[in-house]
Amino acid sequence: KAKKTRKFAAVKRMLNPNDIRLKENQLKQKMKEEKEKEKSVRRVTQVASSMFLAHNTALVPPYRVLVDTNFINFSLQNKLELVSGMMDCLYAKCIPCITDCVMAELEKLGHRYRVALRIARDPRFERLKCSHSGTYADDCLVQRVTSHKCYIVATCDRDLRRRIRQIPGIPLMYPLVSHVLEAISRKGGPRPLFVALQGPQGSGKSYLSALLVAELRTRSLNTALLSLDDIYLPHAELVTLAELHPDNPLWRGRGQPGTHDVPLGLHVLSQLEEGKPVEIPRFDKSLYNGEGDRLPAGFAGGVVVDPPVDVVIFEGWCVGFYPVSIEKLDALWNGAWVDQSQQLGLGDSVQKQNVSDVNDTLKDYIPLWNFFDTFVQLQPTPSAEESPLSVVYLWRLEQEHNMKARNGGKGMSDESVKAFVDRYIPGYVFFGGGPAVGFGSEAPRWLGNSLRVHIDDKRMVVATETF
10 KAKKTRKFAA VKRMLNPNDI RLKENQLKQK MKEEKEKEKS VRRVTQVASS MFLAHNTALV
70 PPYRVLVDTN FINFSLQNKL ELVSGMMDCL YAKCIPCITD CVMAELEKLG HRYRVALRIA
130 RDPRFERLKC SHSGTYADDC LVQRVTSHKC YIVATCDRDL RRRIRQIPGI PLMYPLVSHV
190 LEAISRKGGP RPLFVALQGP QGSGKSYLSA LLVAELRTRS LNTALLSLDD IYLPHAELVT
250 LAELHPDNPL WRGRGQPGTH DVPLGLHVLS QLEEGKPVEI PRFDKSLYNG EGDRLPAGFA
310 GGVVVDPPVD VVIFEGWCVG FYPVSIEKLD ALWNGAWVDQ SQQLGLGDSV QKQNVSDVND
370 TLKDYIPLWN FFDTFVQLQP TPSAEESPLS VVYLWRLEQE HNMKARNGGK GMSDESVKAF
430 VDRYIPGYVF FGGGPAVGFG SEAPRWLGNS LRVHIDDKRM VVATETF
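Just so you know, my numbering puts the end of the sequence shown at 476, numbered straight through with nothing missing.
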């Protein structure tokens with residue numbers, strides 16, 4: 010006898026109107042949580058009084074440097090010796106430290122990272138025990154520096170750097186070249202990556218640029234280096250400019266916008282962009298008792314850049330400076346300029362019309378700035394009671410003494426250097442914010458892909474930020 014199959018009635022399932030899976034209920038729940046969050050008391054982490062902004066005065070040598078997997082691997086790829094490299098950066102004894110969680114992460118990465126694991130087991134590394142288990146390495150480092158603010162964190166990981174910057178008093182260490190390499194990885198097409206580097210006189214722009222060029226060439230990246238100083242007008246034209254504007258002390262010699270050969274700069278950058286060979290101009294600052302003069306084309310020792318070019322680095326003290334509106338100029342004249350001129354003892358040597366003339370000239374520089382994809386800014390950050398521009402005088406004097414030591418004493422006297430720097434100060438006060446804001450509604454193309462490096466009076470990095 011055949012079995013009868015039991016029949017079941019079809020049941021239509023319905024959701025309860027209060028079911029959390031309904032979108033309306035999810036929205037209500039979210040709004041309820043937000044209201045409760047607004048009512049809740051916020052817990053503010055207490056910070057030791059020794060820490061102000063990005064500075065931690067409690068950090069003293071020997072520096073204990075926490076390293077992550079990313080940083081160890083980067084040092085291997087670039088053939089950097091970790092311990093000696095840290096000492097070269099901080100000019101003091103350094104103790105690299107590695108936590109159990111970072112070591113566990115290296116072990117999990119397998120055979121490809123065996124060399125990195127061998128480096129991490131170097132007896133010079135201090136092994137830090139972790140009280141937790143199974144914690145992600147980045148979370149481990151964040152927890153440790155939050156609890157113990159006696160470390161410097163060495164990492165190339167952008168996300169980890171962003172988290173560490175939110176913790177007061179924790180310095181970061183990472184290779185500046187990584188910022189350029191990240192920009193290269195995002196660049197498409199055959200056009201070179203154009204990198205702008207700005208910083209005051211003596212801040213180390215030329216030295217840093219040379220290091221970047223050397224590092225990029227080890228990666229088989231053909232790099233061209235150009236300085237804004239090298240496109241100054243020839244000496245005869247500088248003299249003519251000063252004679253045409255006898256009432257403007259800002260144009261009595263090289264320096265301020267208006268003393269550069271902008272068409273020459275546009276020609277060189279255009280040739281590099283189009284993949285054509287071009288000679289890099291050079292300006293010899295030691296000629297004419299320190300007033301300087303551009304060397305003739307084809308001079309002995311001149312550099313001709315042949316294509317293809319992967320990276321173009323352009324450095325200068327006012328790179329990225331944009332003109333400001335009349336209203337902004339008036340506000341700065343009555344505010345920031347009064348404060349800075351009093352602190353630096355500049356007196357009444359500069360009139361507002363002088364600054365206005367330079368402001369008008371800056372409009373001619375905008376086509377130059379439009380070439381650049383990424384921006385690196387060196388910003389002096391001295392103690393709170395000093396003007397951030399006071400250190401420029403010290404740096405520029407050191408720079409002049411070093412040049413005179415190399416060329417047999419040709420250059421400016423100390424008094425001339427002081428007067429020389431005085432003419433630059435208005436540029437910083439009125440136009441120094443240009444790299445972050447641009448001009449009018451036209452934002453610089455490098456915004457969102459730029460790096461600001463804060464340095465102290467010894468040119469040591471105290472903080473970094475992106476903009």
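Backbone N, C-alpha and C define an ideal beta-carbon position, used for all residues, glycine too.
Kindly indicate which residue of the options has the alpha-carbon position closest to the one of residue i.
| i | options | result |
| --- | --- | --- |
| Leu230 | Ser334, Gln280 and Leu221 | Leu221 |
| Pro105 | Thr78, Gly198 and Glu114 | Thr78 |
| Gly107 | Val151, His120 and Gly119 | This sequence places Ile at residue 107; Gly is not what is there. Ranking the options by Cα distance to Ile107, first place goes to Val151. |
| Ser212 | Gly457, Arg123 and Gln386 | Gln386 |
| Gly262 | Glu114, Ala163, Gly299 and Ser49 | Gly299 |
| Ser84 | Glu116, Cys139 and Ala129 | Ala129 |
| Arg136 | Leu31, Ser236 and Met112 | Met112 |
| Gly542 | Met182, Ser399 and His254 | Given a span of 10 to 476 for the chain in the structure shown, any question on residue 542 remains unanswerable. |
| Ala101 | Met469, Gly436 and Pro453 | Met469 |
| Ala428 | Gly447, Leu406, Arg153 and Leu225 | Leu406 |
| Leu206 | Glu474, Lys467 and Arg461 | Arg461 |
| Gly264 | His244, Leu275 and His141 | His244 |
| Trp346 | Gly436, Val400 and Val401 | Gly436 |
| Leu118 | His141, Ser236, Met96 and Asn82 | Asn82 |
| Gln208 | Lys413, Leu398, Asp423 and Ala306 | For clarity, residue 208 is Gly in the given sequence; the question names Gln instead. Closest by alpha carbon: Leu398. |
| Leu235 | Ala445, Asp256, Cys98 and Leu275 | Leu275 |
| Ala445 | His254, Leu304 and Glu474 | Glu474 |
| Val426 | Arg174, Tyr402 and Leu99 | Tyr402 |
Can you name, in chain order, every residue of its own chain whose Cβ lies under 8 angstroms from the Cβ of residue i, other than the five neighbours on each side?
| i | result |
| --- | --- |
| Leu62 | In this prediction, Leu62 scores a pLDDT of 42, lower than 50, which makes its location untrustworthy; no coordinate-derived value is stated. |
| Leu341 | Val333, Val438 and Phe439 |
| Leu338 | Lys361, Val364, Ser365, Asn368 and Phe439 |
| Gly447 | Tyr331, Pro453 and Leu456 |
In the DSSP output, which residue or residues are listed as bridge partners for residue i?
| i | result |
| --- | --- |
| Cys106 | Leu75 and Glu135 |
| Gln388 | His463 |
| Gln207 | Gly325 and Gln386 |
| Thr475 | Leu460 |
| Tyr160 | Arg73 |
| Leu247 | Leu247 pairs with nothing; no bridge assigned. |
| Arg303 | Phe292 |
| Met182 | Ala163 |
| Tyr331 | In DSSP, Tyr331 forms no bridge with anything. |
| Ser236 | Glu324 |
| His269 | Tyr241 |
| Phe381 | Its beta-bridge partners do not exist; DSSP assigns none. |
| Glu451 | Phe448 |
CB-CB under 7 angstroms to residue i, same chain, minus the five flanking residues each way: which ones, in chain order?
| i | result |
| --- | --- |
| Val92 | Cys103, Pro105 and Arg133 |
| Pro317 | Asn231 and Gly284 |
| Pro201 | Leu281, Glu282, Val318, Asp319, Val320 and Val321 |
| Leu371 | Pro266, Phe330, Tyr331, Pro332 and Phe440 |
| Thr268 | Tyr241, Leu242, Leu247, Leu250 and Trp260 |
| Met421 | Gly299, Glu409 and Phe429 |
| Asp373 | Val271 |
| Lys138 | Asp109 |
| Leu115 | Thr78, Tyr122, Ala125, Leu126 and Ala129 |
| Thr144 | Cys110 |
| Thr155 | Ile176 |
Got a sec? Which residues, its chain only, sit under 6 angstroms from residue i by beta carbon, not counting five neighbours each side?
| i | result |
| --- | --- |
| His463 | Gln388, Thr390, Val471 and Ala472 |
| Gln352 | Ser396 |
| Glu451 | none |
| Arg432 | Leu259 and Gly264 |
| Asp166 | Asn79 |
| Val359 | Pro435 |
| Pro180 | Ile161 |
I think residue i touches residue j, with their Cβ atoms under 8 angstroms apart; what is that distance to the nearest whole Å?
| i | j | result |
| --- | --- | --- |
| Gly311 | Tyr241 | That belief does not hold up - the Cβ atoms of Gly311 and Tyr241 are roughly 16 angstroms apart, past 8 angstroms. |
| Val328 | Glu288 | Actually they do not touch by this definition, with Cβ atoms about 21 angstroms apart. |
| Val277 | Leu377 | Going by Cβ atoms, the distance from Val277 to Leu377 rounds to 10 angstroms, so no, they are not a contact pair. |
| Asp382 | Trp455 | 6 angstroms |
| Arg170 | Thr164 | 6 angstroms |
| Phe292 | Asp238 | 6 angstroms |
| Ile161 | Tyr72 | 6 angstroms |
| Phe380 | Phe203 | 5 angstroms |
| Lys419 | Ser295 | 4 angstroms |
| Pro290 | Leu273 | 6 angstroms |
| Phe384 | Ser459 | 4 angstroms |
| Gln210 | Trp404 | 6 angstroms |
Examine chain B for any beta-carbon lying closer than 8 angstroms to the beta-carbon of residue i, and answer yes or no.
| i | result |
| --- | --- |
| Gly443 | Reference to chain B is not applicable here, since this structure consists of a single protein chain. |
Between the segment 320-331 and the segment 203-220, do three or more beta carbon pairs fall short of 8 angstroms?
-> yes
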